[in-house]
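In what follows, a single structure is set out as structure tokens and then discussed.
Residue numbers (my numbering), protein chains in the order written: chain A, 1 to 300; chain B, 1 to 535; chain C, 1 to 335.
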């Protein structure tokens, strides 16, 4: 960057960075497919109430466990069939996309903000504060994440909100560690010393000078956490500790459908497939992001 | 199927090489639904624990006649009841042999000492065997009111035991037939005490029952062997194996694959598929249970029987039976199941009529009613899915202009919060009978005495007339007389409607085609001394 | 080297203390009352309730209970299950081999398939094999394994009847429990077909449990290989005319495996988390299912000590990975 002789405005630099990012990102076809699916999911979630053919909570008492439309006995108005109390599965899946996106966003936001602050503090101040914080993070990481989340949810009480909090707590050390490592690496750089000499305060140094330079790995970690959050929330729902029925959360739907698995394959198959597709799309996107943001892999 | 027969060949090959056992050992595999908590029946309450301990390994003074709730002689050959109904004299069966294992060989047959021991260790908190493992509690002994009821248990001679009660109690003989009153060997206990391994009473049981305990691998397998010296009819199978499989879907898959011969509690959703499978057959029987929605009858407007009646009319019972029980239940109109003696079939159920319900509510001066429906978080034999039930009720009630919201808590909280007299909502819960006596339903669930703290009357319904009828029936020995009293009590129940009675769920037992001789128990017990496998 | 090991051990002490605090305190805040759960629908009188709670030692202040917990821990006493009334340690030891066996077979599966797939994909970068296997790996990485397990049971055990549905071995076999590892015990027993039966029972659960680690290892191996192959010394070796196979086998693979070993070590936590779901689905009698059951029954002593034991296992495995890493990569040692 320093050897660019023409002085560029900030906006121009940003525009160039962005187009460079898009160049590398779009070279990864999978990432583009993932992005498209993800955007479709976002649209579905935003307009769920308009898209869904039925109200996801209405029970059609004359249509219990109707198979998908293409199967014998299926009915065209229920494209993916109905569940044991006669609710349209497609509509529930569409509504469920809101839950999954919401879970991902909330979990990542909490874990990211919490982890970044903790990591910044640890990395910036060092010494015993760092040691203490990092030991606490080690303790959290010593437990298998799902198990710790399970116990946390059991403590807080089963439910979607608590499940999200639990998962965020379990994820936050990853962000903290990343931030801390980046801060420690950046702190030795010239521009930080320069800013310090120029009289920047601790807060300013932490958030405005150092943080923007550690964004890339955080974004990659955030995408990864997003998909894991969707998976783990579904797993908690499946174990009865996540969102509570009748909420059309995909994992919860799967848990409710478990008893019908040999009789009505569609009640159990579609929610699982929805989880898989959503998580896959986000992971594809994450791969592309990493390729575009991580300069080391960019070369290879 | 193939796997099983191949396994059988393998098993017999092993048997041959081991020499001692007969040529073709018959192994019966039962896919049980839960791990036993332990093998001493007295401190536990779960049916799955009794299926693994009390029924195969032990006997009791009296027993329930197979397939019924009638009491018949067990280890007691006969008994006499004193005129005033407070003294029971049991004559023990002579020559009943105790099991043996590699650490213990009995030197004597069953005698009165064993019976006295089995009572006293539960009754007396200072008995050396009361806390043979720290933290034991004898829930059934307590909840059946035995501490209040039993005055003394005495040995008269080696084969005679006298039990004195504080008051006459008609269901006493049925209580004694319950799993918690299993007779354990005093000689074995003494031997364990001497060896310093008291906890083995719970790990390696010695009983008089049709099967000997062989081994237990935690959460996986329990093995039993036929007891050749059994005092009753000897079992037809040689080995009994419990394959612990908590998930109903997996259990059914195992049964279909021939990995087991019989399973309990199929998912209601699978019943049709089981019926259609030519390798399987299905026994069914009305269960001895009831699922209900209990209003809080002490809180307005639910203190008004007219309001409760109106709400009962607003809920479509048949829809619940169809959608939640998948048809595997009988809509309930009484608090006791139809298979129980004294069931009053003359009673008319409230019809499903949303319009009439609306009108009745208006007449009672109730408008824009908002209420809570409590749905328990777990599956029980009387209620496969409370939440789904609550969702259906919510829909139905909205049609009658009642706004219902669904509430749930963690199971332990649910049980305790639902007994809070200030509770606002109506609670979904149920009951499975312990001993087949109507008193075990009506007194426990609906009497004034159980409406207070520590009781189980979650409607807090206290009707003096109703409770008096129950009390009278309890101290009456004549069953015809008791039947009349209970029938009358059910009429009062229906008029007052403290509950919306939901359903009596049907009990299904799927098994392989080649299984014969299984007898379903109305009490939900799974016993295998009469089963056989034909090939 | 000794100093290195010692420093790592000392480093673990505060972490371990932290683990005991979490393991002790979290379960104590669980909502729900084991006494009420035991009583069920029938209810329990207040006097009896107080009596039972006192019997369980829950009327003491929390700090006292914690130091009591630590004190007993030092004596190797991990408490007694409220439900089964058996020592928690004994229960853990009787179930742990089942989890270890499943985990080992799964990780073996993941390594034996994942490493070659990753290597081939890296060598044939951009080929159909690379694209297919990496897409497959990403699908595996995104798999909700609880759903995956159900599908496999329905298809392979239910529909095709190829694999047993659940359990560790056909119940027709009965032999003493020597090591707790069914594969080994079945061999020791010498019974015909027992080993094969134990193996057959492992197929589906280990596939399910291996799915995510397999995907991670394959991807990690591929990118490590690509990275190493672009390093100067590999390029030099190739430029010098060393045969391609030799370059890959000797130089690239060995160096690429270092990060892969770490990845495998890190998978232990993933594996244990996966074991919770896998064991639940396959009724596998291991510690994952045991923890779930204990949480739902509010069996505090089991949840407390179970958490402690599991975290302890993770810690020890991480330490071993750390040490191995120090061995194969001496630079780390002197950091």
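Beta carbons: idealized from backbone N, C-alpha and C, even for Gly.
Spatial neighbours of residue 230(B) in its own chain (CB-CB distance under 6 Å, excluding positions within 5 residues in sequence) are listed in chain order as 210. The continuous beta strand (DSSP E) containing residue 429(B) extends over residues 426-432. For residue 461(B), the closest C-alpha among the options 475(B), 436(B), 492(B) and 359(B) is that of 492(B).
Taking 8 Å as the cut-off, the Cβ atoms of residue 39(B) and residue 203(B) count as close. Here the alpha carbon of residue 150(C) sits roughly 28 Å from the alpha carbon of residue 47(B). A distance of 8 Å or more separates the beta carbons of residue 116(A) and residue 149(A).
Of the residues 84(B), 82(B), 161(B) and 95(B), the one whose Cα lies closest to the Cα of residue 119(B) is 161(B).
Residue 291(B) is bridged by DSSP to 430(B) and 503(B).
If you draw a straight line from the Cα of residue 393(B) to the Cα of residue 294(B), it is about 13 Å long.
Assignment of beta-bridge partners to residue 29(B) by DSSP yields 241(B). Rounded to whole angstroms, the gap between the alpha carbons of residue 301(B) and residue 455(B) is 23 Å. At least one CB atom of chain B sits nearer than 8 Å to the CB of residue 177(C). By the neighbour-count criterion, in which a residue is buried when 16 or more other Cβ atoms sit within 10 angstroms of its Cβ, residue 458(B) is buried. The DSSP-derived three-state label of residue 379(B) is coil. Here the C-alpha atom of residue 396(B) lies approximately 19 Å from the C-alpha atom of residue 54(A). Under the 8 Å Cβ criterion, the region 309-318 of chain B counts as touching the region 340-360 of chain B, having at least three qualifying pairs. Contact residues of the region 229-253 of chain A toward chain B are 240, 244, 245 and 246 (C-beta to C-beta distance below 9 Å). Contiguous alpha helix (DSSP H) elements confined to the region 352-425 of chain B occur at 354-363, 386-399 and 411-417, taking only those with 4 or more residues. Straight across, the Cα-Cα distance linking residue 102(A) with residue 108(A) is about 10 Å. Flagged as an interface residue toward chain A: residue 15(C), by a C-beta distance shorter than 8 Å.
CA-CA distance, residue 169(B) to residue 41(B), rounds to 23 Å. By the CB criterion at 8 Å, residue 33(C) and residue 412(B) fall inside the cutoff. Taking the Cα positions, residue 242(A) is about 45 Å away from residue 65(B).
In this structure residue 323(B) does not touch residue 268(B) by the C-beta definition: roughly 10 Å separates them, more than the 8 Å allowed.
The Cβ atoms of residue 198(C) and residue 169(C) sit closer than 8 Å to each other. As DSSP reads the structure, residue 283(B) sits in a beta bridge with 509(B). The C-beta distance from residue 259(B) to residue 247(C) rounds to 52 Å, too long to fall under 8 Å, and the pair is not in contact. Judged by DSSP secondary structure, residue 87(B) falls within the beta strand (DSSP E) whose first and last residues are 87-92.
Remark: C-beta atoms of residue 67(A) and residue 250(A) do not approach each other more closely than 8 Å. With contacts defined by Cβ atoms closer than 8 Å, residue 137(A) and residue 177(A) form a contacting pair. In the DSSP assignment, residue 308(B) falls within the alpha helix (DSSP H) that extends over 305-314.
Not a single CB atom of chain B sits nearer than 8 Å to the CB of residue 88(C).
At least one C-beta of chain C is nearer than 8 Å to the C-beta of residue 283(A). Annotation for residue 95(A): the continuous alpha helix (DSSP H) segment containing it runs 89-125. Just measuring C-alpha positions, the residue of 287(A), 292(A), 21(A) and 281(A) sitting nearest residue 42(A) is 281(A).
Counting the other Cβ atoms within 10 Å of the Cβ of residue 83(A) gives 16 or more, which makes it buried.
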